[in-house]
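Report on the following structure.
Protein chains in written order, with the working numbering: chain A, 1 to 108; chain B, 1 to 101; chain C, 1 to 159.
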């Protein structure tokens with residue numbers, strides 16, 4: 001039983017770490033602030049979700065488990081608000097989204 | 001070394017690498033919104049890091065700190081975004097109703 | 001009043017699971033805090049169908065798991081796009097219509113769009129037109145089928 005749980009935890013935690021790294025890679029290599037929001041969103045949803053699921057399987061008691069779930073719930077509620085506030089502020093500030101065909105806009 | 005310790009150490013290492021990458025974006029910019037986004041992403045990784053370190057050192061009380069960090073990170077990012085956009089945290093400058101509380 | 005009571009109970013349960021102590025003295029403190037916060041929230045007029053959407057609880061049980069699956073699918077898509085390099089990024093800005101009848105439904109729809117990686121809501125008009133930024137064509141097509149819009153309407157009990 002413990003072996004199955006540990007294997008699952010390993011898979012979930014490595015998966016979560018992978019998604020955190022890929023999302024941050026997106027933060028580095030995507031062309032403008034609007035596209036980078038998608039990379040940051042990956043870290044907030046799948047990265048945090050898988051890491052917390054992995055830790056959930058290792059949690060010593062239910063109090064710890066509840067707090068882990070609450071972390072994901074808080075992130076799920078706050079992450080879209082942050083993304084929207086940033087996108088809205090940037091667009092109101094006159095930053096043009098980078099588009100492939102027009103080749104203009106974006107500050108890179 | 002116990003292999004669950006190794007597991008959390010691996011997660012902590014991945015998070016550290018990701019945090020360095022987010023810092024690079026924060027330093028490179030180019031717009032102020034890129035920097036705010038990078039700092040927000042850095043904060044998310046910090047809170048995951050606090051949780052992982054709690055499990056790594058077998059002190060799950062760290063999760064309370066992680067929860068508080070999640071809230072501070074959100075409020076801080078929204079406040080900084082609003083301040084950068086409107087130069088005010090209360091009422092908007094001029095007659096722009098967009099930033100009104 | 002039912003909303004205020006359920007808010008108090010919810011906060012008391014939160015107090016209990018965060019502290020893990022069941023002593024009467026601490027529970028009384030928690031209850032007092034919950035009542036105080038609920039009173040302040042009532043004075044702020046935020047204990048209504050928007051601030052404490054109690055009526056969405058049961059239908060939400062069908063919506064949130066569906067949204068979680070969508071988020072996983074979108075994550076895999078965005079991960080592929082990022083790993084494929086700059087050529088795979090074909091961002092687009094477009095508008096979709098939010099057909100929910102009130103602000104709460106529109107907010108849930110807009111936040112669901114933003115929570116799904118690959119699409120971010122950049123603006124909301126008074127008539128419910130959402131301006132969306134999509135990372136690639138796949139994310140855009142997925143949204144333009146209107147599936148999520150329909151499911152949020154079901155969540156709100158409008159369809």
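The beta-carbon is built from N, C-alpha and C at its ideal position, and this holds for glycine as well.
(request) Please report how far the alpha carbon of residue 60/C lies from the alpha carbon of residue 156/C, in whole angstroms. (result) 9 Å
(request) Output, in chain order, the set of chain A residues within a Cβ distance shorter than 7 Å of residue 133/C. (result) 34, 87, 97
(message) Counting beta carbon pairs with one atom in the stretch 24 to 33 of chain C and one in the stretch 62 to 72 of chain C, are three or more of them shorter than 8 Å?
(response) no
(request) Within 10 angstroms of the Cβ of residue 36/B, are there 16 or more other Cβ atoms? Answer buried if so, exposed if not. (result) buried
(message) Run through chain C and tell me which residues come within less than 8 Å of residue 19/A, C-beta to C-beta.
(response) 75, 79
(request) Could you confirm whether any beta carbon from chain B is found closer than 8 Å to the beta carbon of residue 55/A? (result) yes
(request) Within 10 angstroms of the Cβ of residue 60/B, are there 16 or more other Cβ atoms? Answer buried if so, exposed if not. (result) buried
(request) Could you pull the start and end residues of the alpha helix (DSSP H) that residue 55/C belongs to? (result) Unbroken run through residue 55/C: none, as it is neither H nor E.
(request) Specify whether the stretch 38 to 45 of chain A and the stretch 15 to 23 of chain A touch according to this definition: at least 3 beta carbon pairs, one from each stretch, less than 8 Å apart. (result) yes
(message) Under 8 Å: do the stretch 23 to 42 of chain B and the stretch 80 to 93 of chain A share three or more Cβ pairs, one atom per stretch?
(response) yes
(request) Say whether chain A places a C-beta atom closer than 8 Å to the C-beta of residue 69/C. (result) no
(message) Suppose you measure from the CA of residue 98/A to the CA of residue 34/A; what does that come to, to the nearest Å?
(response) 8 Å
(request) Could you name the residues of chain A that residue 34/B contacts, counting a contact when the two beta carbons are closer than 7 Å? (result) 33, 36
(request) Give the range of the alpha helix (DSSP H) segment to which residue 139/C is assigned. (result) 137 to 144
(request) Throw me the rounded Cβ distance for the residue 7/C and residue 45/A pair, which I believe falls under 8 Å. (result) That belief does not hold up - the Cβ atoms of residue 7/C and residue 45/A are roughly 27 Å apart, past 8 Å.
(request) Report yes if the C-beta distance between residue 72/A and residue 90/A is below 8 Å; otherwise report no. (result) no
(request) Could you confirm whether any beta carbon from chain A is found closer than 8 Å to the beta carbon of residue 101/B? (result) Residue placement at residue 101/B cannot be trusted, given a pLDDT of 44 that sits under 50; what the coordinates show is reported in the next sentence. No - not a single Cβ of chain A is within 8 Å of the one on residue 101/B.
(request) Look up residue 99/B in the DSSP assignment and say whether it is helix, strand or coil. (result) Low confidence applies to residue 99/B: its pLDDT is 48, below 50, so where it sits in the model is not reliable, and the reading given next is rough at best. Three-state DSSP puts residue 99/B in a helix.
(message) In whole angstroms, give me the CA-to-CA distance for residue 18/C and residue 44/B.
(response) 21 Å
(message) Whole angstroms are fine: how far does the CA of residue 86/B sit from the CA of residue 102/B?
(response) No answer is possible for residue 102/B: the residues shown for chain B start at 1 and end at 101.
(message) Does any residue of chain C have a CB that is nearer than 8 Å to the CB of residue 80/A?
(response) yes
(request) List the residues of chain C whose Cβ lies closer than 9 Å to the Cβ of residue 48/A, in chain order. (result) Per Cβ cutoff of 9 Å: no residues; residue 48/A is ~11 Å from chain C at best.
(request) Whole angstroms is fine: what's the gap from residue 52/C's alpha carbon to residue 52/B's? (result) 32 Å
(message) With DSSP as the reference, identify every bridge partner of residue 132/C, one or two as the case may be.
(response) 94/C, 121/C
(message) Between 6/A, 31/A, 51/A, which has its C-alpha nearest residue 16/A's C-alpha?
(response) 51/A
(message) On the CB-based measure, 16 or more other CB atoms within 10 Å of its CB, does residue 5/B come out buried or exposed?
(response) exposed
(message) So for residue 96/A, helix, strand or coil by DSSP?
(response) coil
(message) Quick check: the Cα distance between residue 18/A and residue 14/B, rounded to an integer number of angstroms?
(response) 8 Å
(request) Consult DSSP for residue 104/A and reduce its assignment to one of helix, strand or coil. (result) Confidence at residue 104/A is low in this model, with a pLDDT of 49, below 50, so its placement is unreliable and no value can be given for it.
(request) Leaving aside the five residues before and after residue 47/C along the sequence, list all residues of the same chain whose C-beta is less than 8 Å from its C-beta, in chain order. (result) 3, 4, 7, 38, 41
(message) Considering only their Cβ atoms, is the gap separating residue 158/C from residue 96/C smaller than 8 Å?
(response) no
(request) Out of 11/C, 22/C, 44/C, 21/C, state which residue places its alpha-carbon closest to the alpha-carbon of residue 35/C. (result) 11/C
(message) What ranges does the alpha helix (DSSP H) occupy inside the stretch 15 to 81 of chain A, keeping only unbroken runs of at least 4 residues that lie completely in it?
(response) 33 to 42, 48 to 58
(message) Strictly under 8 Å for the Cβ-Cβ distance: is residue 7/A near chain C by that measure?
(response) no
(message) Suppose the cutoff is 6 Å on Cβ atoms and the five residues either side in sequence are ignored; what does the same chain contact list for residue 73/B look like?
(response) 43
(request) Look at the alpha carbon of residue 67/A and the alpha carbon of residue 67/B, and state the distance between them as a whole number of angstroms. (result) 8 Å
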